[in-house]
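Asker:
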Amino acid sequence: MISLKNQLMLIYVLFIGIALGVLTFVINLSIGTMFSGLIKDNIRERSGEIINTIAEQYDPLDAGFNVAALEALGMCFVHEGYIVRIEDTAGLTLWDARTADMQHCAAVMDEITERMESRYGLNGTVQNQSYTLSYGTAPIGAVEIETYGPFFYTETEIDFLASINRVLLRAGIAFILLGALISLFLASAISRPILRASGAARRIAKEHSGAGPLKSPAVRIRDNYNIKELKELSRSINSLAEELEEGERRQKQLSADVAHELRTPLSCLRGSVEAMIDGVWEPSRERLESCREEILRLTKLVEDLNLLTNLEWENLALDKTEFDLAKLLEITAEQFRPAAAEKGIRIILETAPGPVYADYNRLKQVFVNLLSNAVKYTDSGTITIAAVTSAGTAPSEVTAEIPAVVTIADTGIGIAEEERRRIFERFYRSDKSRNRNTGGAGIGLSIAAAIVKAHGGSISAEGGASGGSVFRVELG
Ligand code: ADP
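Mapping of the sequence shown onto my numbering: residues 68 to 543, in sequence order.
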């Protein structure tokens with residue numbers, strides 16, 4: 068399997084290579100076109116110079132050309148690739164390069180043809196151009212110039228072109244090497260944090276697998292990258308580690324709390340039973356009754372814990388039906404009236420009939436827990452139960468949760484603001500409730516919250532307008 072770093076490098080190098088190739092091709096093509104245009108101008112210019120040079124060899128006094136000079140110049144022109152033939156005004160040939168040195172002319176032409184065809188793929192031909200020679204305005208003859216057309220390069224020009232290509236090639240190689248280095252740097256910059264993150268994820272997994280003790284300080288990776296995705300990845304891994312640690316911490320706390328909650332009634336039971344066995348205590352009905360109560364408390368605690376675990380792991384299937392919320396609240400309130408009346412508390416119901424689609428028994432448990440707390444933590448005054456439903460929805464249309472809000476307000480001891488969120492945690496009890504020795508294990512609200520959450524709703528605690536607390540349950 069190819070690594071991300073190598074793959075990135077390959078892509079970068081390939082990209083740089085292709086980009087450079089295209090760039091070199093375009094540069095070469097435009098240089099070639101520009102250069103050939105320049106050369107054509109040069110040939111035209113040189114032909115003009117040749118004509119002028121030949122015209123300068125005319126002697127007006129003699130009314131003729133210096134043939135010896137023409138011959139010397141002509142051979143030079145041949146050498147440059149220009150084969151000339153000069154004639155006088157009567158059409159008589161004064162000097163002809165081909166006649167003078169046929170072999171040399173053919174060799175020069177062959178050499179140019181070969182150079183242009185094999186090196187530049189130019190399928191040119193030998194081209195003839197005639198020009199009039201004049202002295203002032205008077206015609207003194209004509210010159211015919213034969214060249215390889217449409218253009219040809221001299222050796223110097225070929226060297227110049229070759230040196231441009233060499234520079235381009237060197238620049239290309241230098242760019243590819245530079246590109247490879249940059250690719251290596253970029254690919255490493257991207258792959259290194261990913262490798263680091265995967266290493267950290269492995270270490271975190273190992274640390275939380277229970278294979279060894281938790282390391283201190285906990286495994287974290289740096290997350291101050293400039294690349295958004297890398298930053299996100301590092302942050303996700305760090306928050307995953309935090310969540311795992313928090314989960315572990317809670318699990319440990321839970322074990323400790325469960326042990327604590329079980330230890331007290333168990334040691335109480337043990338003490339009583341041992342005292343009876345040793346004959347210290349007479350096994351009276353009241354003592355056995357008290358032992359039974361402890362056993363029932365333990366059973367309830369275990370059942371509550373089991374229910375909470377099922378709810379939190381979403382193992383509990385809700386048996387949803389449509390029913391009247393006001394009726395449910397009424398029935399639940401009735402259950403608490405005797406206990407409330409004993410403390411001189413009035414339970415007020417402010418509800419109107421309205422349907423909800425929920426698990427009747429589980430929802431009842433929510434209100435039982437809330438009302439039991441309200442009674443438990445209120446010494447006098449009132450407990451007001453209010454409910455708002457989306458009344459008017461036809462029962463046949465009820466297929467999903469119907470929005471409903473229930474509030475249970477008491478005039479009791481209230482809950483300090485900083486504790487309002489924590490009271491929904493398992494085994495959490497406020498100091499006030501501990502001092503009062505209410506006997507609760509601190510999981511009634513956790514169960515209520517888990518049931519409401521399983522219904523897709525939410526539960527919160529607020530302070531009452533005139534003291535006490537208000538619990539608010541939102542469904543749907
Ligand atoms: P407990 O069994 O201790 O009542 P809960 O989970 O039902 O456990 O409640 C957690 C804590 O929240 C209680 O110990 C108490 O401090 C606080 N609490 C709950 N309901 C009320 C209330 N109506 N008034 C004041 N405090 C409350």
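Yeah, the Cβ is synthetic: ideal placement off N, Cα and C, and Gly gets one too.
#1: Near S533, which residues of its chain fall below 6 Å by C-beta distance, leaving aside the five closest residues on each side in sequence?
#2: Take the Cβ of G459 as the centre, count every other Cβ of all protein chains shown within 10 Å, and call the residue buried at 16 or more, exposed below.
#3: Nearest to V175 by alpha carbon, out of G188, I153, V145, N190?
#4: Roughly how many angstroms separate the alpha carbons of L81 and G239, rounded to a whole number?
#5: Comparing C-alpha positions only, which one of S201, D391, L438, L383 sits nearest to I414?
#6: Using 8 Å as the limit for Cβ to Cβ distance, is E116 near chain C?
#7: Per DSSP, which one or two residues make a beta bridge with P422?
#8: Sorry if obvious, but does the Cβ on L512 come closer than 7 Å to a heavy atom of ligand 1?
#9: Helix, strand or coil for I243, going by three-state DSSP, please let me know.
#10: Given 7 Å as the limit, tell me if G530 has its C-beta closer than that to any heavy atom belonging to ligand 1.
#11: Three or more beta-carbon pairs under 8 Å between the stretch 150 to 164 and the stretch 120 to 138, yes or no?
#12: To which residues does DSSP link G208 through a beta bridge?
#13: Taking the straight line between their C-alpha atoms, what separation do you get for G479 and K443?
#14: Cutting at 8 Å between CB atoms, please list the residues of its own chain near L235, excluding the five before and the five after it.
#15: Which residues in the same chain as F538 place their Cβ atom closer than 6 Å to its Cβ, once the five residues preceding and following it in sequence are excluded?
#16: Here's the rule I'm using: 16 or more other beta-carbon atoms within 10 Å means buried, otherwise exposed. How should N119 be labelled?
#17: Nearer than 7 Å: is that true of the beta carbon of G509 relative to any heavy atom of ligand 1?
#18: What's the C-alpha gap between G511 and R263?
#19: Using 8 Å as the threshold, is the C-beta distance between G188 and G216 below it?
#20: Thinking I225 and L75 are a contact (beta carbons under 8 Å), I'd like their distance in whole angstroms, please.
#21: Could you please give me the residues that DSSP links to I452 through a beta bridge?
#22: Which full runs of the beta strand (DSSP E) of 3+ residues lie inside the stretch 340 to 393, going along the chain?
#23: With distances taken between CB atoms, is the gap from S432 to I490 smaller than 8 Å?
#24: For Q196 and L244, what's the separation of their Cα atoms in angstroms?
#25: If L87 sits next to F242, beta carbons under 8 Å apart, how far is it from one beta carbon to the other, in whole angstroms?
#26: Return the chain-ordered list of same chain residues with a C-beta closer than 6 Å to the C-beta of G535, the five sequence neighbours on each side being excluded.
#27: Name the residue from H275, I98, V340 whose alpha carbon lies nearest to the alpha carbon of S230.
#28: Using the beta-carbon count (16 or more within 10 Å), is K72 buried or exposed?
#29: Would you decide whether A320 is buried or exposed? Buried here means 16 or more other CB atoms lie within 10 Å of its CB.
#30: From the DSSP output, which residues share a beta bridge with L542?
#31: Do you know offhand how far K367's Cα is from S457's?
#32: From which residue to which residue does the alpha helix (DSSP H) around A174 run?
#33: From L297 to E397, what distance separates their C-alpha atoms?
#34: Taking the CB atoms as reference points, tell me whether E541 and S513 lie closer together than 8 Å.
#35: When you measure from the CB of K431 to every non-hydrogen atom of ligand 1, does any distance come out below 7 Å?
Answerer: If we stick to the structure as given:
#1: Around S533: no qualifying Cβ.
#2: For G459, the predicted structure reports a pLDDT of 49, less than 50, and the residue's modelled location is therefore unreliable. A value from the coordinates is still provided. G459 is exposed by the Cβ-count criterion.
#3: Ranking the options by Cα distance to V175, first place goes to V145.
#4: 13 Å
#5: Of the listed residues, the one whose Cα sits closest to I414 is L438.
#6: As a matter of chain content, chain C is missing from the structure shown, which is built from one protein chain.
#7: Beta-bridge pairing links P422 to D391.
#8: yes
#9: Residue state, collapsed to three classes: helix.
#10: no
#11: yes
#12: L200
#13: Here the C-alpha atom of G479 lies approximately 9 Å from the C-alpha atom of K443.
#14: T91, I94, N95
#15: Setting aside the 5 residues that flank it on each side, F538 is surrounded in the same chain by L437, I475, A528, each with a C-beta closer than 6 Å to its C-beta; the list follows chain order.
#16: exposed
#17: Distances taken from the Cβ of G509 to the heavy atoms of ligand 1 include one shorter than 7 Å.
#18: 44 Å
#19: no
#20: Between L75 and I225 the Cβ distance is about 42 Å, and since that is not below 8 Å, they are no contact.
#21: Looking at the DSSP output, I452 sits in a beta bridge with L416, I475.
#22: 387 to 391
#23: Residue 432 is actually Gln in this sequence, not Ser. Cβ atoms of Q432 and I490: not closer than 8 Å.
#24: Each residue's alpha carbon lies about 51 Å from the other.
#25: 6 Å
#26: So the list reads D477, T478, G479, G481, once near-sequence residues are dropped.
#27: I98
#28: buried
#29: The sequence shown places Gln at residue 320, not Ala. Exposed: under 16 other Cβ atoms inside 10 Å.
#30: A471
#31: 35 Å
#32: 169 to 181
#33: 56 Å
#34: no
#35: Exclusion of K431 from the 7 Å shell around ligand 1 follows from its C-beta lying no nearer than that to any non-hydrogen atom of the ligand.
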